[in-house]
Each structure stands twice: as C-alpha cells, then as structure tokens.
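In UniProt numbering, the protein residues as written are 1 to 126.
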Amino acid sequence: MSSEQITSRLNSKNYAVWEFQFQTLIEGKGLLGSLDGTVARPTTPPATIQEVQQWAMTDAKVRTLLLNSVDASILLGLRMLPSSAAMWTYLADTYRTVTASRQYEIEVEIGESRRGLGARMVHPAM
Numbered sequence: 001m002s003s004e005q006i007t008s009r010l011n012s013k014n015y016a017v018w019e020f021q022f023q024t025l026i027e028g029k030g031l032l033g034s035l036d037g038t039v040a041r042p043t044t045p046p047a048t049i050q051e052v053q054q055w056a057m058t059d060a061k062v063r064t065l066l067l068n069s070v071d072a073s074i075l076l077g078l079r080m081l082p083s084s085a086a087m088w089t090y091l092a093d094t095y096r097t098v099t100a101s102r103q104y105e106i107e108v109e110i111g112e113s114r115r116g117l118g119a120r121m122v123h124p125a126m
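Set out below in structure tokens:
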C-alpha cells in the first residue's frame with residue numbers, strides 16, 4: 001500500500017478516522033477546494049470550455065479517490081451524485097450521524113458493563 005493511500009475504507013462505524021485520513025490525503029494533493037466545494041464548477045458564460053474541462057478533470061480525480069476509499073456497500077449511494085463535493089456532503093450527513101449514534105451506544109454499553117461489574121464484585125467482610 002502506498003503512503004498516499006488511506007489505511008481504512010469508510011464503513012458504517014469508522015467515519016471519524018476515515019474523514020481525518022481522507023481529508024489529509026486530499027489536502028496533501030492540493031484538492032481540498034474540490035472536495036469541500038469551495039472550488040465550484042465554473043459557469044458558462046463567462047467560463048471558458050477549458051476552465052470547465054479542467055474543473056471536471058480535477059473533480060474526477062477527487063471522486064476516484066473517494067470511490068476507492070469507501071466500502072463496496074456505500075458505492076451505490078454515491079453513483080448519482082454530480083460532484084465530489086456532493087459525495088463528501090452526503091457521506092458526512094449519512095455517516096457522521098451514525099458515528100455519533102454509535103458513540104452513544106458504546107457509552108451506554110460501558111455504563112451497563114460497569115454497573116454489572118459492580119454488582120458481581122464480592123466485597124470482603126470487614
């Protein structure tokens with residue numbers, strides 16, 4: 001695996017780690033504006049055909065990196081989205097919420113586990 005690849009594909013449980021790795025990769029390639037939408041598709045007119053083509057090529061690079069970094073079960077949800085920025089927003093809206101929900105579930109499980117351990121502890125007689 002090359003040093004330019006992220007180590008985990010996005011799934012329903014690892015959004016925070018994946019987001020950090022992917023955004024860092026994109027920043028390192030100078031493509032963050034395409035990902036976050038701050039470099040939007042030029043409008044015609046006054047944009048030239050070359051400007052629109054350059055934007056489309058850059059956006060395709062970011063989309064390719066995105067598609068190669070997500071689990072296969074997520075790919076179909078991305079195929080109809082028109083840009084890498086739209087994909088990025090969709091993934092954040094979908095999986096950031098799942099991550100927050102999962103974090104809450106884990107905290108509840110830890111709390112229940114702690115209560116269970118306390119009930120099972122044998123206290124020595126004083």
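Ideal Cβ placement from N, Cα and C applies to all residues, glycine included.
Note that the structure is predicted; figures quoted are calculated from it, not measured.
Quiz item: Per the contact definition of three or more C-beta pairs closer than 8 angstroms, is the region 36–43 in contact with the region 79–92?
Solution: Yes: at least three Cβ pairs fall under 8 angstroms.
Quiz item: Quick one: Cα of GLN23 to Cα of THR43, how far?
Solution: For the purposes of this step, residue 23 is taken as residue 23 along the sequence shown, with counting starting at 1. For the purposes of this step, residue 43 is taken as residue 43 along the sequence shown, with counting starting at 1. Cα to Cα, the separation comes out at about 26 angstroms.
Quiz item: Where does VAL39 sit, in a helix, a strand or coil, going by DSSP?
Solution: Numbered from its first residue, the sequence shown carries residue 39 at position 39. Residue state, collapsed to three classes: coil.
Quiz item: Measuring CB to CB, does TYR95 end up less than 8 angstroms from SER12?
Solution: Locating residue 95 in the sequence shown gives position 95, where the first residue counts as 1. Locating residue 12 in the sequence shown gives position 12, where the first residue counts as 1. In this structure, TYR95 lies near SER12, with their beta-carbon atoms less than 8 angstroms apart.
Exercise. Can you tell me which of MET87, ALA100, ALA92 puts its alpha carbon nearest to the alpha carbon of residue 162?
Key: No statement about residue 162 is possible, as the shown extent of the chain runs from 1 to 126 and does not include it.
Quiz item: Roughly how many whole angstroms lie between the Cα atoms of GLN50 and ARG41?
Solution: Counting from 1 along the sequence shown, the entry for residue 50 is found at position 50. Counting from 1 along the sequence shown, the entry for residue 41 is found at position 41. About 12 angstroms.
Practice problem: Closer than 6 angstroms by C-beta to GLY33: which residues in its own chain qualify, once you throw out the five before and the five after it? Chain order, please. | Solution: Counting from 1 along the sequence shown, the entry for residue 33 is found at position 33. Residues VAL39 of the same chain have their beta carbon placed closer than 6 angstroms to that of GLY33, with the five preceding and five following residues left out of the count.
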